[in-house]
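> Heads up: the protein sequence lines correspond to chains A and B, in order. In terms of our numbering, the numbers along the first sequence are unbroken and rise by one, the last being 109. In terms of our numbering, the numbers along the second sequence are unbroken and rise by one, the last being 223. Glycine is no exception: its CB is placed at the ideal position from the N, C-alpha and C atoms. Note that the structure is a prediction, hence the values are computed from the model and not measured.
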Amino acid sequence: GQQVMQIPQYQHVQEGEDFTTYCNSSTTLSNIQWYKQRPGGHPVFLIQLVKSGEVKKQKRLTFQFGEAKKNSSLHITATQTTDVGTYFCAGDSNYQLIWGAGTKLIIKP
Amino acid sequence: NAGVTQTPKFRVLKTGQSMTLLCAQDMNHEYMYWYRQDPGMGLRLIHYSVGEGTTAKGEVPDGYNVSRLKKQNFLLGLESAAPSQTSVYFCASSYALSPHYEQYFGPGTRLTVT
């Protein structure tokens, strides 16, 4: 079946450094969604990308959808402690979202 | 608005026991979902519902049953719990058919089966 692979599993950064997570699908996606889950919390929707090559920004977060609509990335500039959590991508498959395993952002003390 | 609520928040079961998890949403959403989340893994869809009285299987439906008797409620049942069902369970809802609409999640139920 369709798979959405997300890497890395963890990323340790110093506060102020950048963070990037990548998603790759085995098949072409009609769209992709990104969610954030704070420690002990539930996933919260961040954004949806639909168009090939689409780039969207939310303050320090930049989301990209690949030209072939098979990959996506989330880049956070100058991380802050409020960015801590796990970031998930989720792509469609027969009207069901297939979730990546998530990338956990950890801020080094 | 409360959004999506789940009860209970925590539960410990012994192998073979049964239980029902309740999900309620007050956003008048047509679609509701049950997921499980295990460490190091993403969310896996157990069952979903596209409207009152209708349910469908997701990626990992075995060992679970669901019912959607009222639009605002979606129940997840475990008839005979197994240790492999130890997980965090999330309910979600969406206005219309995901993946084209965002999903709103409840706070989760942490279930341990001993």
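1. When Cβ atoms are compared, which residues of the region 120-151 of chain B fall closer than 7 angstroms to chain A?
2. When the Cα atoms are used, what is the spatial distance from L178(B) to C132(B)?
3. Along the chain, where does the beta strand (DSSP E) containing M5(A) start, and where does it finish?
4. DSSP three-state label for S52(A), please.
5. For P192(B), which three-state DSSP category applies?
6. Between S196(B), G217(B), V121(B), S158(B), which has its C-alpha nearest Y204(B)'s C-alpha?
7. Taking DSSP as the reference, what is the three-state secondary structure of T103(A)?
8. Relative to chain A, which residues along the region 162-192 of chain B have a C-beta separation below 8 angstroms, given in chain order?
9. Give a yes or no on contact between the region 71-80 of chain A and the region 17-29 of chain A, applying the rule of three or more CB pairs nearer than 8 angstroms.
10. Over the uninterrupted beta strand (DSSP E) stretch that includes T163(B), give me the two end residues.
11. Please say whether R153(B) and E168(B) have beta carbons closer to each other than 7 angstroms?
12. Indicate the three-state DSSP secondary structure (helix, strand or coil) for D83(A) in the structure shown.
13. Count the other CB atoms within 10 Å of the CB of M141(B); is the residue buried (16 or more) or exposed (fewer)?
14. Determine whether the Cβ of P39(A) lies closer than 7 angstroms to any Cβ atom of chain B.
15. Using the beta-carbon count (16 or more within 10 Å), is V121(B) buried or exposed?
16. Taking only runs that begin and end inside the region 128-177 of chain B, name each unbroken beta strand (DSSP E) of 3 or more residues, in chain order.
17. How many Å lie between I155(B) and D92(A) at the Cα?
18. From which residue to which residue does the beta strand (DSSP E) around R120(B) run?
19. From L105(A) to G41(A), what does the alpha carbon distance come to, in whole angstroms?
Let me lay it out:
1. Within the region 120-151 of chain B, the residues whose Cβ lies closer than 7 angstroms to some Cβ of chain A are G149, M150, G151, listed in chain order.
2. Their Cα atoms are separated by approximately 12 angstroms.
3. From DSSP, the beta strand (DSSP E) with M5(A) extends over 4-7.
4. DSSP places S52(A) in coil when its eight states are reduced to three.
5. Under the three-state reduction of DSSP, P192(B) is assigned to helix.
6. Cα-wise, what sits closest to Y204(B) is S158(B).
7. DSSP places T103(A) in strand when its eight states are reduced to three.
8. Going along the region 162-192 of chain B in chain order, one finds G167, E168 with a Cβ nearer than 8 angstroms to chain A.
9. Cβ pair count under 8 angstroms is three or more, so yes.
10. Start and end: 163-166.
11. Yes, the Cβ-Cβ distance between E168(B) and R153(B) is below 7 angstroms.
12. Helix at D83(A).
13. Around the Cβ of M141(B), a 10 Å sphere holds 16 or more other Cβ atoms; the residue is buried.
14. P39(A) is outside the set of residues whose beta carbon lies under 7 angstroms from a beta carbon in chain B.
15. The residue in question, V121(B), is exposed, as its Cβ has fewer than 16 Cβ neighbours within 10 Å.
16. List check, beta strand (DSSP E) in window: 128-134, 140-146, 152-160, 163-166, 174-176.
17. Cα-Cα distance, rounded: 16 angstroms.
18. Start and end: 119-122.
19. Rounded to whole angstroms, the separation of the alpha carbons of G41(A) and L105(A) is 14 angstroms.
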